RNA sequence: GGGGGCGUGGUGUAGCGGCUAACAUGCGGCCCUGUCAAGGCCGAGAUCGCGGGUUCGAACCCCGUCGCUCCCGCCA
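Numbering (the numbering used here), first residue to last: 167 to 605.
What follows is the structure, encoded as structure tokens:
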């Protein structure tokens, strides 16, 4: 017999069906046993008249909550039952996997354990419908991203995560033994995305792991996370990259709203707003002035940079003035940007770069890249870098590489913003942090 | 890496110098009942993170340590 999902039971009144799921609650009475069965699509009451089968009854009596069951029974329309006015009269039951009792915690209790404890028992925590929906949304997000990319002629790449030389600064880098030498875990696919531009791929994306040996303990950092990266050729400036990103994100939001808007409202209490394009753009120079005018005091050593508090302040300014949840902060000073960001024509102290702030959280950094090898090398030297380890990268641009740019976006950060989650550890399947390597 | 906060039965909390450590939930037993956030009674379960100190007396005060957490730095 084929399995029936709980959501489809209404259409199977008076038929015998097979259900598979978890024992959410057992109410064992003198003559009757009620098993509340859960599968990913819902809950249903299974009723057993004990005198029918006393052996089965005593079997059921011993079942712990969360036991995995296969149940066969007849679907009955019963207005008395509060749970969807529906019940299944039990005919037979197979215990697929008994749940030990007591459970480490009850995922369906009124008060949940602290997040850190729940992460210890992540597979129990993930049984909550809340988490199921969360990852359905993430799946749709990624699907929508890909739909949009494929419509726009993108190619997917998978760049290596084992590196022989540190890309960029060398800080925040995990190193490991690699036979007789040292290897590093990629803290960005940056160089390889650009290599694809040199390869003539023109438009590429990658969704893959990123590693940062960054000992930060915040609600928005992880040492391993999923990066969403893209790179496009033949751009005129970073404006082209921003224009692409906002349209792409608008599409992603629209798709998520289309498929999960109702469920998100119900479960997360969030009315998903598909963002209007274009997103507001504020050059950093103006952003600093805006903060000043609002009385926000930036730390003295910031030199054109903005701290997270300032980012939140700008976000609320944008909300007030533009009624928008997103804002591009553009034209960052060279001091706070990597050497490969192209400089702004007319002001060599600024870069053709941007961050995307969503509800006050930084979710993206992007830029037009410097594709002229001499200038790139010069900028690297200015930053105090040695050319030798990055020479292979500079060489990408020696044999005909189009002007290009792109961005990187944190998948979990986007999910966090979209569902208004307080902590990124809830927005990721398995969290990795400085003191968290298990499970 | 810097600063603040918190560690009490399985879990969530209360107690903050005199406790035989309280409550809820979960767990075990019994009773009642077509139950449905079920109800009632009984019971097991914590040397109050760990180490040291102050005190007649420490879960409570002090120091150290470990863990967690939040903020800052840094970032996606």
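Glycine included, each C-beta is placed from N, C-alpha and C at the ideal position. On a predicted model such as this, the values are computed, not experimentally measured, just so you know.
**Request:** Return the chain-ordered list of same chain residues with a C-beta closer than 6 Å to the C-beta of residue 607, the five sequence neighbours on each side being excluded.
**Result:** Nothing can be reported for residue 607: it is not among the residues displayed for the chain, which extend from 167 to 605.
**Message:** What ranges does the beta strand (DSSP E) occupy inside the region 440-469, keeping only unbroken runs of at least 3 residues that lie completely in it?
**Reply:** 447-449
**Request:** Please list, in chain order, all residues of the same chain as residue 443 whose beta carbon is under 7 Å from its beta carbon, the five residues on each side excluded.
**Result:** 412, 413, 416
**Request:** Inspect the beta-carbon positions of residue 512 and residue 535 and report whether they are closer than 8 Å.
**Result:** no
**Prompt:** Which residue comes first and which comes last in the alpha helix (DSSP H) that contains residue 310?
**Reply:** 295-317
**Prompt:** Would the beta-carbon of residue 626 fall within 8 Å of that of residue 325?
**Reply:** Residue 626 lies beyond the residue range present for the chain, which begins at 167 and ends at 605; the question has no answer from this structure.
**Cβ-Cβ separation, residue 406 to residue 574 (assumed contact under 8 Å), whole Å** = The Cβ separation is near 16 Å, so there is no contact.
**Prompt:** For the ligand GDP, any of its heavy atoms closer than 7 Å to the Cβ of residue 546?
**Reply:** No copy of the ligand GDP occurs in the structure displayed, which carries no ligand at all.
**Prompt:** Where DSSP assigns a beta bridge to residue 531, which residues make up the other side?
**Reply:** 521, 574
**Asked** Can residue 261 and residue 253 be called in contact, C-beta distance under 8 Å?
**Response** no
**Prompt:** Looking only at C-alpha atoms, which of 330, 431, 527 sits nearest to residue 384?
**Reply:** 527
**Request:** Would you please state the rounded distance, in angstroms, between the beta carbons of residue 472 and residue 493? I believe it to be under 8 Å.
**Result:** About 11 Å separates the two Cβ atoms, so there is no contact after all.
**Asked** Run through DSSP, which three-state label would residue 505 get?
**Response** coil
**Message:** Taking only three categories from DSSP, how would you classify residue 381?
**Reply:** coil
**Item:** Cβ neighbour criterion (16 or more within 10 Å) applied to residue 410
**Value:** buried
**Item:** Element boundaries [alpha helix (DSSP H), containing residue 222]
**Value:** 220-227
**Asked** Which one or two residues does DSSP pair with residue 582 in a beta bridge?
**Response** According to DSSP, residue 582 bridges with nothing at all.
**Item:** N- and C-terminal bounds of the beta strand (DSSP E) containing residue 360
**Value:** Taken as a continuous stretch (DSSP letters only), residue 360 belongs to no beta strand (DSSP E), being part of the alpha helix (DSSP H) at 356-364.
**Prompt:** In terms of alpha-carbon separation, which member of 204, 203, 307, 302 lies closest to residue 421?
**Reply:** 307
**Prompt:** Of all the beta strand (DSSP E) runs that stay within the bounds of the region 532-572, which reach a length of 3 or more residues?
**Reply:** none
**Message:** With a threshold of 6 Å on Cβ separation, who are the neighbours of residue 427 within its own chain once the five nearest residues in sequence on each side are excluded?
**Reply:** 438
**Asked** Should residue 364 be labelled buried (16 or more other beta-carbon atoms within 10 Å of its own) or exposed?
**Response** buried
**Prompt:** Exposed or buried, residue 342, counting other C-beta atoms within 10 Å across all chains shown (16 or more means buried)?
**Reply:** exposed
**Item:** Within 8 Å, strictly: CB atoms of residue 350 and residue 340
**Value:** yes
**Request:** Please classify residue 498: is it buried, with 16 or more other beta-carbons within 10 angstroms of its beta-carbon, or exposed?
**Result:** buried
**Prompt:** Looking at residue 213 and residue 256, is the spacing between their C-beta atoms short of 8 Å?
**Reply:** yes
**Asked** What residues in its chain sit with their C-beta under 6 Å from that of residue 287, if we drop five residues either side in the sequence?
**Response** 270
**Asked** I think residue 203 touches residue 235, with their Cβ atoms under 8 Å apart; what is that distance to the nearest whole Å?
**Response** 7 Å
**Message:** On the DSSP letters alone, give me the boundaries of the beta strand (DSSP E) that residue 589 sits inside.
**Reply:** Counting along the chain, residue 589 falls outside any beta strand (DSSP E), and DSSP gives it neither H nor E.
**Request:** Find out if the Cβ-Cβ distance for the pair residue 503, residue 515 is shorter than 8 Å.
**Result:** no
**Asked** alpha helix (DSSP H) containing residue 613: first to last residue?
**Response** The structure shown does not extend to residue 613, since the chain is modelled only from 167 through 605, so no value can be given for it.
**Prompt:** Taking Cβ to Cβ, would you say residue 242 is nearer than 8 Å to residue 258?
**Reply:** no
**Asked** Quick one: what's residue 398 bridged to in DSSP?
**Response** 369, 571
**Item:** Spatial neighbours of residue 244 in its chain, beta-carbon cut-off 8 Å, leaving aside the 5 residues before and after
**Value:** 251, 252, 253
**Item:** Proximity to residue 323 [Cα-Cα], best of 192, 373, 592
**Value:** 373
**Beta-carbon separation (whole angstroms), residue 520 vs residue 539, contact threshold 8 Å** = Contact flag wrong, Cβ pair sits at about 24 Å.
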